[in-house]
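Novice:
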Amino acid sequence: MLITDRIDELDRLDLSEIIPERLWVGAAPSKSDLIELKRQYGTELVIMDLVGIADEKAWCQELGITYDERTPKLEENREAIPLSRLKVASGVIGDNVDSGKKVILHCLRGTGRSPTCAAAYLIQSGMSVAEAKSTIAGKRHVWSGVAAGYASTLEEFGKIIEMTRSTF
Numbered sequence: 232m233l234i235t236d237r238i239d240e241l242d243r244l245d246l247s248e249i250i251p252e253r254l255w256v257g258a259a260p261s262k263s264d265l266i267e268l269k270r271q272y273g274t275e276l277v278i279m280d281l282v283g284i285a286d287e288k289a290w291c292q293e294l295g296i297t298y299d300e301r302t303p304k305l306e307e308n309r310e311a312i313p314l315s316r317l318k319v320a321s322g323v324i325g326d327n328v329d330s331g332k333k334v335i336l337h338c339l340r341g342t343g344r345s346p347t348c349a350a351a352y353l354i355q356s357g358m359s360v361a362e363a364k365s366t367i368a369g370k371r372h373v374w375s376g377v378a379a380g381y382a383s384t385l386e387e388f389g390k391i392i393e394m395t396r397s398t399f
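Numbering of the sequence shown is given in the numbering used here, commencing with residue 232 and proceeding in unit increments.
1. Would you please state the rounded distance, in angstroms, between the beta carbons of GLY331 and GLN355? I believe it to be under 8 angstroms.
2. Could you spell out where the beta strand (DSSP E) holding ILE248 opens and where it closes?
3. Check the C-beta distance from ARG301 over to VAL323 and give it rounded, since I have them as a contact under 8 angstroms.
4. In the DSSP output, what is VAL277 paired with across the bridge?
5. Using only the alpha-carbon positions, how far apart do ASN327 and SER315 sit?
6. Report yes or no: do the stretch 264-271 and the stretch 286-294 share at least 3 C-beta pairs separated by less than 8 angstroms?
7. Quick one: Cα of HIS337 to Cα of HIS372, how far?
8. Which residues in the same chain have their Cβ closer than 6 angstroms to the Cβ of THR347, if we skip the five residues on either side of it in sequence?
9. Comparing C-alpha positions only, which one of TYR272, LEU276, TRP255, PRO260 sits nearest to ASP286?
10. Please report how far the alpha carbon of ALA351 lies from the alpha carbon of SER321, in whole angstroms.
11. Looking only at DSSP bridge pairs, what is TRP255 linked to?
12. Where does TRP374 sit, in a helix, a strand or coil, going by DSSP?
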């Protein structure tokens with residue numbers, strides 16, 4: 232399919248808007264999804280791929296979409312995301328969102344890794360852990376079944392962020 236071909240229907244655009252007009256969390260997009268996202272959001276669009284899908288970087292390059300290579304890659308191991316990775320991910324999300332970009336943050340299914348990183352960003356931005364988790368869970372089915380383990384470090388992440396805030 233050529234980029235210039237008309238797209239009648241998306242394969243599956245599985246995204247949930249977390250911060251209005253700034254941050255969406257979801258499943259890995261197809262190439263046709265990326266074409267539609269580019270059409271909707273233009274040059275402000277940034278893709279943050281937590282999985283490291285081989286073709287996605289090339290698709291973004293071909294379509295003129297920013298693919299943020301600073302995004303940490305997180306394995307689908309169903310374990311808690313290490314605090315250091317949460318810190319990096321929330322920082323990169325913040326850098327993009329705070330500069331006015333339209334950020335698509337995704338893992339494979341959008342139910343564990345990407346919502347956890349989005350929650351870390353919300354916590355870093357001043358929300359409590361409970362508020363951040365509730366905000367995301369209220370917009371998307373997350374952290375259940377095999378994806379439950381990914382969010383288990385958010386409480387500790389929140390404590391570290393709170394201690395850092397009270398120190399400065």
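Glycine included, C-beta positions come from ideal geometry on N, C-alpha and C.
Specialist: Taking the geometry as given:
1. At roughly 18 angstroms, the Cβ-Cβ gap does not stay under 8 angstroms, so GLY331 and GLN355 are not in contact.
2. The question names Ile, but residue 248 is Glu in the sequence shown. Run containing GLU248: 246-250, per the beta strand (DSSP E) assignment.
3. 5 angstroms
4. THR297, VAL334
5. 19 angstroms
6. yes
7. 14 angstroms
8. ILE312, TYR381, ALA382
9. PRO260
10. 6 angstroms
11. GLU248, ILE335
12. coil
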